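If you count by the numbering used here, then the sequence shown holds residues 441 to 699, one letter each, in order.
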Amino acid sequence: MSEQDALFTLERRDWIAGLEKGLAVIEAFDAEHPRLTASQAGQRCGLTRTAARRHLLTLVHLGYVATDGKLFSLTPRVLRLGQAYLESARLPRAVQPYLQRVTAGTGEVAYAGVLEQDELVYVARSGSHRQLNTGYMLGSRVQAQVTAAGLVILAMSGPEVYEPWLARQELRAYTSHTLVDKDELCRRLQQIQRQGWAISEQQLEMNYRGIAVPLYDHKDHLVAAMSVTMPMQNESSEDAAKRVLPVLQDTARSMRPLL
């Protein structure tokens, strides 16, 4: 049984409602809602104003939230939660040297990403020193369909995963090239599943492309995706794939016994 399955079979006596609500309050903050009143936080996580305020004040006491008396915002202490995963989880540590190999072989920034709920989350990255301030940061969350990594995870998970995923999405256009037609996106996922890799161009940002391959563990379970992101410049899609894809595929094969 996976950890995710265990969440759904949790015995009622083992469930701590306060912990769930406290985490929901933290997750209520995002780029579009960096500062919230207690009422706004409650609306975003299904709590009354009074309950949300109590959770927020507790988080203020613990150092995870700051307040001016009316508005609340997260503090850098929240980063400890994500850093604990990056430092303790096996996947980010296992893939790091291989991402460095991809960067050395392609000259591009390399990433490992996982599908968490409906979004692609980047859990590891590599790149030259001049590249470290570009691209996705660790922990970045993006709608899965606008990244090559997200596309390849969805596609290789099969229609039993990507069809329900498509049904519950509201596809957002980030650029004039972003694919927002669900039928066309479904056909693209089918194509990616047949070929075993994905390319994404100008879906999230103009003049950028990504190429990704799936990462399987030694039991043939799909665990993540490995990708590179690069400016398109004057390189065609075919030339970019010819240059980058063999490095990604060879590296993914060599990682398989160690995952």
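Yeah, the Cβ is synthetic: ideal placement off N, Cα and C, and Gly gets one too. Because the structure is a prediction, the values reported are computed rather than measured.
Check	Outcome
Would you check if the distance between the CB atom of VAL549 and the CB atom of THR669 is smaller than 8 Å?	yes
Give the DSSP bridge partners of MET670, in chain order.	ARG649
Sorted by chain position, which residues of the same chain lie with C-beta nearer than 7 Å to ILE632's C-beta, five sequence neighbours on each side aside?	LEU591, VAL592, ALA595 and ALA638
To the nearest angstrom, report how far apart GLU556 and THR498 are at their CA atoms.	27 Å
Quick check on ALA584: buried or exposed, where buried means 16 or more other Cβ atoms within 10 Å of its Cβ?	buried
If you run the structure through DSSP and keep just helix, strand and coil, what is GLY553?	strand
How about THR691 and ARG530: do their beta carbons lie closer than 8 Å?	no
Indicate the three-state DSSP secondary structure (helix, strand or coil) for GLN631 in the structure shown.	helix
Go ahead and label TRP455 buried or exposed: buried means 16 or more other beta carbons lie within 10 angstroms of its beta carbon, across all protein chains shown.	exposed
What residues are listed by DSSP as bridge partners for HIS473?	ASP470
Can you tell me whether GLN689 is helix, strand or coil according to DSSP?	helix
If you draw a straight line from the alpha carbon of PRO686 to that of GLN609, how long is it in whole angstroms?	32 Å
Can you tell me the Cα-Cα spacing of ASP623 and LEU606, whole angstroms?	9 Å
If you reduce the DSSP assignment to three classes, tell me which class GLN609 lands in.	coil
SER513 and VAL505 - do their beta-carbons sit closer together than 8 Å?	yes
Can you tell which of ASP558, TYR538 and GLY545 has the C-alpha that lies nearest to the C-alpha of ALA564?	TYR538
Using DSSP with H/G/I as helix, E/B as strand and the rest coil, what is GLU675?	coil
Is it true that the CB of ASP657 sits closer than 8 Å to the CB of LEU384?	Absent from the model: residue 384. The displayed extent of the chain is 441 to 699, so no value can be given.
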